[in-house]
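Asks: In the working numbering, the protein residues as written are 11 to 189.
Pasting a structure here, questions to come.
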């Protein structure tokens with residue numbers, strides 16, 4: 011019972027973290043929308059576009075995507091090809107979901123590690139985008155491993171959930187389980 015309570019507590023904490031990251035992602039969408047609108051209005055009505063809109067918008071896109079990945083995974087909203095899996099048993103689908111989560115965890119663990127090294131180097135050398143104002147690259151680079159790490163935690167939670175579901179599916183289909 012203690013382990014289940016701890017897992018439930020961890021899942022709630024992860025849910026809060028995922029929702030907070032998604033909220034930040036949504037805030038960046040709003041800021042980007044206002045920035046682009048201001049640029050369009052400035053360009054076409056006043057012949058004076060907002061400087062560096064493209065560069066700042068490019069950086070914001072990284073925040074939008076990587077901060078929203080774990081939420082999309084948690085909601086089960088990533089693209090799935092189900093026309094084959096619909097014909098499989100519930101146990102086989104659970105096993106395939108576990109396999110997909112393990113592969114996703116492995117891939118995003120590498121992205122987390124390499125992304126951190128990449129962004130750390132960028133921070134150490136002072137890498138920036140030259141323009142009207144020099145914009146440092148490392149904030150948008152650090153969000154890649156941060157978002158990937160949250161996604162890794164979500165993959166772990168998905169694996170635990172699916173293994174638990176698989177266990178109950180096996181109990182339901184065991185001989186003598188029908189009551």
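C-beta: ideal position from N, C-alpha, C; glycine also.
Helix, strand or coil for residue 146 per DSSP?
Replies: DSSP places residue 146 in strand when its eight states are reduced to three.
Asks: Compute the Euclidean distance between the alpha carbons of residue 113 and residue 179, then round it to the nearest angstrom.
Replies: So the alpha carbons of these two residues sit roughly 23 Å apart.
Asks: So, does the region 109-128 touch the region 164-171, judging by three or more C-beta pairs under 8 Å?
Replies: Contact between the region 109-128 and the region 164-171 is present, because at least three Cβ pairs lie under 8 Å.
Asks: Quick check: the region 70-85 against the region 46-58, are at least 3 beta-carbon pairs closer than 8 Å?
Replies: The region 46-58, when compared against the region 70-85, does not touch it at the 8 Å Cβ threshold.
Asks: Pick helix, strand or coil for residue 91, following the three-state DSSP scheme.
Replies: Residue state, collapsed to three classes: coil.
Asks: Can you tell me which of 152, 61 and 161 puts its alpha carbon nearest to the alpha carbon of residue 116?
Replies: Among 152, 61 and 161, the Cα nearest to that of residue 116 is on 161.
Asks: Taking only the alpha-carbon atoms, compute the straight-line gap between residue 61 and residue 18 and give it to the nearest angstrom.
Replies: Taking the straight line from one Cα to the other gives about 48 Å.
Asks: How far does the alpha helix (DSSP H) with residue 38 in it extend, from its first residue to its last?
Replies: From DSSP, the alpha helix (DSSP H) with residue 38 extends over 12-55.
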